[in-house]
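Protein chains in written order, with this note's numbering: chain A, 800 to 911; chain B, 2 to 110.
Yeah, the Cβ is synthetic: ideal placement off N, Cα and C, and Gly gets one too.
Single-structure report; data block below.
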């Protein structure tokens, strides 16, 4: 079956602009996660959604970052007023309940 | 605290076995995972082990878990050039995975 998909695959933006990153999880997976991968920080957890429960936002680095998950499926990660330090690969993963996480190919974000 | 450590680099000859080691800190982790990342790609789940097991074998992959020492290893038998990648160890934390920095495996003829 289809895996986790993410769009766009690459995004170049100017400092100060807003960006939206999209994630389509594996069909039927109840949990969805966002992580960020950067050279200096490795793989960092950002946010976790599970069904209709309130999301765990404890990994979001600042209030410029927000995420939504509509209808228990697709998720959008929004970064407002982007900064150069936001440049990274943003990875989405999904799982069945708290099972093994399956990752998408990532969105490579470059902030100029 | 939460911390997963791995050596950063491993070089092996094609056909030899590779062993990638990892230590973790949270003894309450239920599952431990190994992921593979090739250049420009996302993370591919290779295998995982439940914390009450001490070994799991899956074709060329063998995972060993020493829960007392909080030590996890991944052995790749008959390593091939296609195994060249970065390998990440991860432990299951609260609502998230906690990753090591990754071990870059280089396979040479």
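Check: Residue 70(B) (DSSP reduced to helix, strand or coil); Outcome: coil
Check: Residue 83(B) - DSSP class collapsed to helix/strand/coil; Outcome: helix
Check: Cross-chain neighbours of residue 100(B) in chain A, by beta carbon under 7 Å; Outcome: 841, 842
Check: Residues of the segment 78-110 of chain B with Cβ closer than 9 Å to any Cβ of chain A, in chain order; Outcome: 89, 91, 93, 94, 95, 96, 97, 98, 99, 100, 101, 102, 103
Check: is_contact[residue 889(A), chain B] using C-beta, thresh 8 Å; Outcome: no
Check: Collapsed DSSP secondary structure at residue 55(B) in the structure displayed; Outcome: coil
Check: Whether residue 38(B) touches residue 23(B) by CB criterion (8 Å); Outcome: no
Check: CB contact below 8 Å: residue 25(B) versus chain A; Outcome: no
Check: First through last residue of the beta strand (DSSP E) which encompasses residue 906(A); Outcome: 906-910
Check: Residue 814(A), buried or exposed, once every other Cβ within 10 Å from all chains shown has been counted against 16; Outcome: exposed
Check: Test item: CB-CB of residue 866(A) and residue 846(A) under 8 Å; Outcome: yes
Check: 6 Å Cβ shell around residue 98(B) - same chain, five flanking residues per side excluded; Outcome: 91
Check: Interface positions of the segment 15-46 of chain B facing chain A (Cβ-Cβ less than 9 Å), listed along the chain; Outcome: 31, 32, 34, 36, 38, 41, 42, 43, 44, 45, 46
Check: Within-8 Å CB hit, residue 866(A) to chain B; Outcome: no
Check: Reference residue 859(A), options 871(A), 832(A), 869(A), closest by Cα; Outcome: 832(A)
Check: Within-8 Å CB hit, residue 807(A) to chain B; Outcome: no
Check: Cβ contact check for the segment 897-909 of chain A and the segment 817-826 of chain A: 3 or more pairs under 8 Å; Outcome: yes
Check: Nearest candidate by alpha-carbon position, reference residue 820(A), set 850(A), 856(A), 868(A), 861(A); Outcome: 868(A)
Check: Cβ contact (3+ pairs, closer than 8 Å) linking the segment 13-20 of chain B and the segment 78-86 of chain B; Outcome: yes
Check: Residue 870(A) versus residue 850(A): straight-line alpha-carbon distance, rounded; Outcome: 9 Å
Check: Proximal residues of chain B, C-beta to C-beta of residue 853(A) below 7 Å; Outcome: Correct list: empty, because the minimum Cβ distance to chain B is about 11 Å.
Check: Partners in chain B for residue 815(A), counting only beta-carbon separations shorter than 7 Å; Outcome: Those do not exist, as residue 815(A) stays about 28 Å from chain B at its closest Cβ, beyond 7 Å.
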